[in-house]
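Here my numbering is used: the first residue of the sequence shown is 271, the next is one more, and so on.
All residues carry an ideal CB built from backbone N, CA and C; glycine is no exception.
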Amino acid sequence: MRRISRAVVAAAVSASVVCATAVGASADGATGQQPGPQQPGPQQPGPQQSGPPAQKMVASCWSYQLRPAIVGGEGAAGSTYLTISYTNVGRHSCVVKGYPYVAFVNAHGRQLGAPAARTAGTAGRAKAVTLAPGGKATFVVREVHAGIPAGCDTAKTYTPAAGLRIFPPTGGPARFLKLTDNACLNPSVQQLYVGPVTR
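Here it is in structure tokens:
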């Protein structure tokens with residue numbers, strides 16, 4: 271009986287050890303570390319957003335690009351209104367804006383009298399004008415007839431002029447425009463008026 275009891279006890283102990291081992295293994299499996307959140311892979315670059323195309327800057331018209339010419343004229347109440355054109359004779363487009371400098375000169379290039387003043391009420395019309403090669407813009411010069419205004423009303427107060435000296439409003443040396451007329455000599459007499467360059 272003792273031998274049987276010992277065998278039974280040994281079997282029971284062995285079974286307990288096996289069971290405990292299995293339980294321990296199951297517990298280790300249940301308490302193992304859980305896999306962490308997956309790290310996102312490198313993002314693929316999306317399509318680049320393209321902004322509006324950059325506008326190409328157009329340079330100001332320089333004197334050598336602009337050829338002046340008288341293209342019209344009419345008289346009214348002791349004055350003559352001359353329409354003068356600017357033609358872009360250059361190879362590239364350019365921008366002109368503002369009031370040209372205009373004055374009478376003699377045959378030696380000496381200025382006669384006062385330069386043109388800006389025509390009253392035209393400031394709002396002074397806007398940039400882009401001229402393609404061969405393109406034209408105009409401005410108007412008002413000339414008060416010599417012999418009419420005070421200070422330019424006697425024979426010795428005015429003299430024949432050879433033409434007009436014109437500086438473009440956007441820079442460069444003067445251009446000469448032939449015009450035979452009488453110019454007031456007194457610089458305090460305002461004989462010429464000029465408007466802005468327009469289409």
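Asked, Found
"Are the CB atoms of residue 399 and residue 366 within a distance shorter than 8 Å?", "yes"
"Grouping DSSP H, G and I as helix and E and B as strand, with all else coil, what is residue 333?", "helix"
"Can you give me the Cβ contacts of residue 376 inside the same chain, cut-off strictly under 7 Å, excluding the 5 residues immediately before and after it?", "382, 431 and 432"
"Where DSSP assigns a beta bridge to residue 462, which residues make up the other side?", "413"
"Cα separation between residue 339 and residue 420?", "30 Å"
"Might you give, ordered along the chain, the residues of its own chain that have their beta carbon closer than 7 Å to the beta carbon of residue 466, omitting 5 neighbours on each side?", "368, 369, 392, 395, 396 and 409"
"Need the endpoints of the beta strand (DSSP E) that residue 445 sits in, please.", "445-454"
"List the whole-angstrom C-beta distance separating residue 386 from residue 373, where the pair is believed to meet the contact cut-off of C-beta under 8 Å.", "7 Å"
"So what does DSSP say about residue 395, is it helix, strand or coil?", "helix"
"Report the three-state DSSP secondary structure of residue 426 (helix, strand or coil).", "helix"
"In or out: residue 436 buried (at least 16 other Cβ within 10 Å) or exposed?", "buried"
"Assuming residue 352 contacts residue 411 (C-beta within less than 8 Å), just tell me the rounded distance between them.", "5 Å"
"Indicate whether residue 442 and residue 363 have their beta-carbon atoms separated by less than 8 Å.", "no"
"From the beta carbon of residue 467, is the nearest beta carbon of chain D less than 8 Å away?", "The structure shown contains no chain D, having only a single protein chain."
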